[in-house]
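In my numbering, each residue carries its 1-based index in the sequence shown increased by 2.
Think of the CB as a built atom: it goes at the ideal place given N, C-alpha and C, for glycine as much as any other residue.
A short write-up of the structure that comes next.
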Amino acid sequence: MLDPFGPEARRLVKDEFGGITELLMIIPSYVGIDAALERVSWIKSGEIPKDILELEGIRDLLTFYALLGALAFSPYGLEREVVREANLRIYHRRILQKGTLVGVSTPLEAVPGGEIPERDRTILERTHHTELSPDERRKLRLGYRIHLSKFLELWEGSLKEVYVRNGYAYLTEEGAIELWKRSFERNFDRAVNLLYEIRDELPDYYLRLYEKLGEIAREHYKERLERMGSAKAQPLRFDLFPPCVKIALGGVPSGLRNYAITVLLTSFLSYARLCPNPPRRDVRIKDCVSDLGVVEREILPVIIEAGNRCSPPLFEDQPHEVKNIWYHLGFGLTDSPTLEDSGNSTWYFPPNCSKIRANAPELCRPDRDCRNIKNPLTYYLRKLYLENRRKGEGEGGETDEGAKEGGEENG
Ligand code: SF4
Numbered sequence: 003m004l005d006p007f008g009p010e011a012r013r014l015v016k017d018e019f020g021g022i023t024e025l026l027m028i029i030p031s032y033v034g035i036d037a038a039l040e041r042v043s044w045i046k047s048g049e050i051p052k053d054i055l056e057l058e059g060i061r062d063l064l065t066f067y068a069l070l071g072a073l074a075f076s077p078y079g080l081e082r083e084v085v086r087e088a089n090l091r092i093y094h095r096r097i098l099q100k101g102t103l104v105g106v107s108t109p110l111e112a113v114p115g116g117e118i119p120e121r122d123r124t125i126l127e128r129t130h131h132t133e134l135s136p137d138e139r140r141k142l143r144l145g146y147r148i149h150l151s152k153f154l155e156l157w158e159g160s161l162k163e164v165y166v167r168n169g170y171a172y173l174t175e176e177g178a179i180e181l182w183k184r185s186f187e188r189n190f191d192r193a194v195n196l197l198y199e200i201r202d203e204l205p206d207y208y209l210r211l212y213e214k215l216g217e218i219a220r221e222h223y224k225e226r227l228e229r230m231g232s233a234k235a236q237p238l239r240f241d242l243f244p245p246c247v248k249i250a251l252g253g254v255p256s257g258l259r260n261y262a263i264t265v266l267l268t269s270f271l272s273y274a275r276l277c278p279n280p281p282r283r284d285v286r287i288k289d290c291v292s293d294l295g296v297v298e299r300e301i302l303p304v305i306i307e308a309g310n311r312c313s314p315p316l317f318e319d320q321p322h323e324v325k326n327i328w329y330h331l332g333f334g335l336t337d338s339p340t341l342e343d344s345g346n347s348t349w350y351f352p353p354n355c356s357k358i359r360a361n362a363p364e365l366c367r368p369d370r371d372c373r374n375i376k377n378p379l380t381y382y383l384r385k386l387y388l389e390n391r392r393k394g395e396g397e398g399g400e401t402d403e404g405a406k407e408g409g410e411e412n413g
């Protein structure tokens, strides 16, 4: 298969299995954990095994989606990086072997003969330069075209760099591959965000696979592990917060206060700081920290200050609301909890974007990074991941085929 997000793969997922969720439910019966791991375990050697390159059709799809399913437990950690990098390389190699990009998820077409005027070809492909080797000629050849509307969705450079004619952008093989990689990144992002939503429904198989992936990823990236980070608990980065959380932090009018502060901010800040990738829904704060210091020093003051910025100030108006904060953090209705109280109520998870839009539409002012995002927490984790990846690369970390693409703005 040339692309796990291409039309053939989409048809298989929909027609043969009934959708991604259904596909993930049956994968554990067909693909052993070790077989799924073979798709990435070669990464350190850099040599893609022949049998992985030759995987075809449903088998190829099942092993790829097994790995995607595992990423539901941490869509923006090191595990994602290893799955993304390995699979970009596998599919890239297959594309080169097949010698065509027609049929990948990017709607590229072979350029019909005679469509590009001869004089344009002469200039762009330097057809009269007899000193060029056949390989150089092949690289210059504008062999692909893509409708401009689709092209602009993926392209971030200037249009001056591209030959455009009759509503199409024309690309060399290299340009087409660049575009395909961007599209792969975008589809990958979309898929892991979708799967994050259903992680609680996934069989235990995926959690086990995720743990094994973590071992491979830590081994592979051990030199740049510190630079990359791994979506573990770390100090909050306010600059990377999503727009809705920034609005809540700035203080909101009375009708929005309780939702913005008690529901959104309390859940977002606590999970983002203490447990960005909860392994299960019923996780408690005491599963993530050994004392309440970080909650009292780094989370509660931010919530209280945001409440004070509301008009009228939330906690002056409703002092008992502090108890409600602790309640939403899972300590029951109290204003002086101990760690042991954690679990007395549910630790509320940040509401999904759709819920925020329904309950407090004024808070949702999406920016370009909100594309494909279904929960404010994943927005934050994605931004952290992209920043850490950039840092990892910028400070001399290993590069990989996907990272070179600067796919960070593809969400
Ligand atoms: S789309 Fe989601 S993350 Fe973005 S502002 Fe709206 S609610 Fe927040």
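- Those residues that have a beta carbon less than 5 Å away from any non-hydrogen atom of the ligand SF4 are, in order along the chain, Pro244, Pro245, Cys246, Cys355, Ile358, Cys366, Pro368, Cys372, Pro378, Tyr381.
- The Cβ atoms of Arg286 and Trp349 lie closer than 8 Å to each other.
- Straight through space, the alpha carbons of Lys52 and Pro280 are spaced by roughly 36 Å.
- In this structure, Arg147 places its C-beta atom within 8 Å of the C-beta atom of Glu111.
- Scanning its chain for C-beta atoms nearer than 8 Å, with the 5 sequence neighbours on each side dropped, one finds around Val297 the residues Ser272, Leu276, Ile287, Val291, Leu331, in chain order.
- If only complete runs of 3 or more residues are kept, the stretch 107 to 175 shows the beta strand (DSSP E) at 146 to 149, 165 to 167, 170 to 173, in order along the chain.
- Secondary structure at Trp44: coil, using DSSP grouped into helix, strand and coil.
- Unbroken alpha helix (DSSP H) runs of no fewer than 4 residues, entirely contained in the stretch 56 to 102, are found at 59 to 72, 80 to 100, following chain order.
- The continuous alpha helix (DSSP H) containing Asp206 extends over residues 206 to 222.
- Short of 7 Å from the beta carbon of Ala37, and not among the five residues preceding or following it, lie these beta carbons of its own chain, in chain order: Thr65.
- Assignment of Leu335 by DSSP, reduced to helix, strand and coil, places it in the coil class.
- DSSP, reduced to helix, strand and coil, places Pro368 outside both helices and strands of the structure shown, so it counts as coil.
- Across the set Glu10, Ile22, Glu83, the C-alpha of Glu83 shows the shortest separation from the C-alpha of Ser43.
- When C-beta atoms of the stretch 157 to 176 are compared with those of the stretch 255 to 266, fewer than three pairs fall below 8 Å, so the two segments do not count as touching.
- Taking the CA atoms as reference points, Pro353 sits about 25 Å from Leu80.
- A residue is called buried when at least 16 other Cβ atoms come within 10 angstroms of its Cβ; Leu69 meets this threshold and is buried.
- The Cβ atoms of Gly105 and Leu181 lie no closer than 8 Å to each other.
- Between the stretch 360 to 370 and the stretch 236 to 248, the count of C-beta pairs closer than 8 Å reaches three or more; the two stretches touch.
- Counted as a single uninterrupted DSSP element, the alpha helix (DSSP H) harbouring Gly309 occupies residues 302 to 310.
- Counting other Cβ atoms within 10 Å of its Cβ, His149 stays below 16 and is therefore classed as exposed.
- The beta carbons of Tyr67 and Leu26 sit about 6 Å from each other, so the pair counts as a contact at 8 Å.
- A distance below 6 Å between beta-carbons, with the five flanking residues on each side excluded, links Cys312 to the following residues of its chain, in chain order: Gly253, Val254, Arg259.
- In this structure, Ala308 keeps its C-beta atom at 8 Å or more from the C-beta atom of Leu365.
- Around the beta-carbon of Lys183, 16 or more other beta-carbon atoms lie within 10 Å, marking it buried.
- Using a Cβ distance threshold of 8 Å, Ser185 and Thr108 count as a contacting pair.
- The C-beta of Lys385 has 16 or more other C-beta atoms within 10 Å across all chains shown, which makes the residue buried.
- A direct Cα-to-Cα measurement between His130 and Arg86 gives close to 41 Å.
- Looking at the DSSP output, Pro353 sits in no beta bridge, so it has no partner there.
- The Cβ atoms of Arg210 and Ile35 sit closer than 8 Å to each other.
- Secondary structure in the stretch 248 to 297: the alpha helix (DSSP H) runs of 4 residues or longer, each lying completely within the stretch, are 256 to 259, 268 to 276 in chain order.
- If you check the CB distance, Leu383 and Glu300 do not come in under 8 Å.
- When the beta-carbon positions are compared, Leu142 and Arg128 come within less than 8 Å of each other.
- Taking the C-beta atoms as reference points, Lys376 is found nearer than 8 Å to Glu199.
- Leu73 sits buried, since 16 or more C-beta atoms from the chains shown fall within 10 Å of its C-beta.
- Excluding its 5 nearest sequence neighbours in each direction, Asn310 has C-beta neighbours in its own chain below 8 Å: Gly253, Leu316, Phe317, Glu318, listed in chain order.
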